[in-house]
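Down below is the structure, laid out as structure tokens.
Protein chains: 2
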Amino acid sequence: MYELLYEKIRENISISEEEFNFCKTLFQPKKLRKKRFLLGEDDVCKYTAFVEKGLLRSFIIDEKGTEHILQFSLEGWWAADLSSFLTGEPSKYNIEALEDCELLLMTKPAWDLLLEKIPVFERYFRILIEKNLIVTQRRLIASFSDTAEEKYYKLIQNFPHILQRVPQHMIASYLGVTRETLSRVRGQIAARK
Amino acid sequence: MYELLYEKIRENISISEEEFNFCKTLFQPKKLRKKRFLLGEDDVCKYTAFVEKGLLRSFIIDEKGTEHILQFSLEGWWAADLSSFLTGEPSKYNIEALEDCELLLMTKPAWDLLLEKIPVFERYFRILIEKNLIVTQRRLIASFSDTAEEKYYKLIQNFPHILQRVPQHMIASYLGVTRETLSRVRGQIAARK
DNA sequence: AAATAGCATTGATCTATGTCACATTATTTG
DNA sequence: CAAATAATGTGACATAGATCAATGCTATTT
């Protein structure tokens, strides 16, 4: 436990073992079974979660009742509704385990304490959020200019492994198309080969 | 000069006057005329720019030759291609002044120095990027679930002032619809009143 | 004031994707 | 292991918005 976290942190910043030991005390380990929710809409996002094992999805349900997946969080990534976690306002998002998960949870007070005691974590989180922003900007542009097929192609280029772990209708939701459309796109690709 | 910058920084973090004085030395003021470019695609984004006055747009041109506006940067905001600025790789974006602008430019080495000397700026930039991420996530979800009219409505709720300063076809591009569609949407709204 | 260029509007099609309905196939779960 | 449930595939049809093309504005510029 914590090895992956240590590794991921040191990919971006350098901290001493002592500092990491303090950091560890701020987390609470938590197992979350498949289909259980880390966060439900209208609740405040009390934790930011580091994923040691498993896979979660963050999604929103719009006024028409359609689900839209904002993010998949795999091992080594974080899952939370940033906006709610930071402001303490109720979230519009849901975060659900798609597999049995092992998480490391951190509350907002613990997070504040971490940043206060070891300010270099500001840098760590800045870098994480930057990467997330860059990915989200690309998805936004893709939603403007790519066809369903192009979006699907890019996904299998960038995250080939995700396809094996996530049902197709969730891939469709992540791409912003219906499951029927994705099914047809896949059919056409297969037919061409 | 620099008052707006000082104000914006202190909205998010607290720094001493001395620290701010050091910070100031890292910028170079620059006037940029309307229609001139701060960054052209295939160039490395050498500066991150604080906007003291004026208005810029960041946009990308896709394979089909269509422009897509990622962001408008008004007074008090920043403009840059984060990805290129951080990595030093050529940018795919263009940044163009839509009005005569007064900017404060900072190079990557200056930026690194600022973060090294006054680490609390890590926090400042983290908060900025967080806000940007939250807005971008909302736009992504909107692109999945909102009609052209809904997207336009939300824009005039959130940025009523921008409409007076930006030609309609650029608003359309920001929303991810064609100028014709936006024109029709506006016509329908007007007809209903 | 004429001229030129950029913007916005409007109409007539076209098309990718959505919607609805049902069939088929996997995967859970009692 | 069977029944229930969830996921995928396919067909017929509907539609929001794109595309293409012409026309009318409005601002600068000369």
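Sequences listed follow chains A and B, in order. Position 113 of the first sequence, counting from 1, maps to 269 under the numbering used here, and the rest follow consecutively. Position 6 of the second sequence, counting from 1, maps to 162 under the numbering used here, and the rest follow consecutively. Note that CB positions come from ideal geometry on N, CA and C, so glycine has one too.
Name the DSSP beta bridge partners of residue i, please?
i, result
"Cys257 (chain B)", "B:Leu188"
"Trp233 (chain A)", "BP columns for Trp233 (chain A) are empty, so no partner."
"Tyr203 (chain A)", "A:Thr263"
"Asn250 (chain A)", "A:Phe215"
"Leu242 (chain B)", "Answer is none; Leu242 (chain B) lacks a bridge partner."
"Gln227 (chain A)", "A:Ser214"
"Lys209 (chain B)", "B:Glu258"
Chain A beta carbons: is any one of them nearer than 7 Å to that of residue i?
i, result
"Ser299 (chain B)", "yes"
"Leu188 (chain B)", "no"
"Ile225 (chain B)", "no"
"Gln293 (chain B)", "yes"
"Pro275 (chain B)", "yes"
"Leu230 (chain B)", "no"
"Leu296 (chain B)", "yes"
If you follow the alpha helix (DSSP H) that residue i is in, where does it begin and where does it stop?
i, result
"Leu319 (chain A)", "Ile318 to Arg321"
"Leu160 (chain A)", "Glu159 to Asn168"
"Lys264 (chain B)", "Lys264 to Lys273"
"Lys307 (chain B)", "Ala304 to Asn314"
"Ile345 (chain A)", "Arg335 to Arg348"
"Ile171 (chain A)", "Run containing Ile171 (chain A): none; DSSP gives neither H nor E here."
"Leu331 (chain B)", "Gln324 to Leu331"
Taking 7 Å as the CB-CB limit, is residue i close to chain B?
i, result
"Gly332 (chain A)", "yes"
"Glu278 (chain A)", "yes"
"Ser247 (chain A)", "no"
"Ser240 (chain A)", "no"
"Glu175 (chain A)", "no"
"His325 (chain A)", "no"
"Asn314 (chain A)", "no"
"Pro265 (chain A)", "no"
"Asp218 (chain A)", "yes"
"Leu269 (chain A)", "no"
"Glu286 (chain A)", "yes"
"Phe290 (chain A)", "First, the residue type needs correcting, since residue 290 (chain A) is Ile and not Phe in the sequence shown. Ile290 (chain A) counts as touching chain B."
"Phe281 (chain A)", "yes"
"Leu338 (chain A)", "no"
If residue i and residue j are in contact, beta carbons under 8 Å, what's the gap, nearest whole angstrom?
i, j, result
"Phe241 (chain B)", "Cys201 (chain B)", "4 Å"
"Ile225 (chain B)", "Tyr308 (chain B)", "Contact doesn't hold; Cβ gap of about 14 Å is too wide."
"Ile165 (chain A)", "Tyr249 (chain A)", "Going by Cβ atoms, the distance from Ile165 (chain A) to Tyr249 (chain A) rounds to 25 Å, so no, they are not a contact pair."
"Leu212 (chain B)", "Leu194 (chain B)", "7 Å"
"Ala266 (chain B)", "Arg189 (chain B)", "With a Cβ gap of about 24 Å, Ala266 (chain B) and Arg189 (chain B) do not count as contacting."
"Gln227 (chain B)", "Ser247 (chain B)", "With a Cβ gap of about 13 Å, Gln227 (chain B) and Ser247 (chain B) do not count as contacting."
"Thr292 (chain A)", "Gln293 (chain B)", "6 Å"
"Ala304 (chain A)", "Val341 (chain A)", "5 Å"
In terms of residues, what are the limits of the beta strand (DSSP E) holding residue i?
i, result
"Phe300 (chain B)", "No beta strand (DSSP E) holds Phe300 (chain B); the alpha helix (DSSP H) holding it covers Val276 to Ser301."
"Phe193 (chain A)", "Phe193 to Leu195"
- Message: Under 8 Å: do the segment 199-207 of chain A and the segment 228-241 of chain A share three or more Cβ pairs, one atom per stretch?
- Response: yes
I want to know whether the segment 247-265 of chain A touches the segment 256-265 of chain B - three or more CB-CB distances under 8 Å. no
**Message:** I'd like to know if the segment 268-288 of chain B and the segment 277-290 of chain A are in contact, where contact means that at least 3 CB-CB pairs between them fall below 8 Å.
**Reply:** yes
**Touch test, the segment 326-346 of chain B against the segment 170-188 of chain B, Cβ-Cβ under 8 Å, three pairs minimum** = no
### Message
For the pair the segment 311-318 of chain A and the segment 299-313 of chain B, tell me if three or more CB-CB distances fall below 8 Å.
### Response
no
| field | Contact the segment 214-228 of chain A vs the segment 298-308 of chain B: 3+ CB pairs below 8 Å | value | yes
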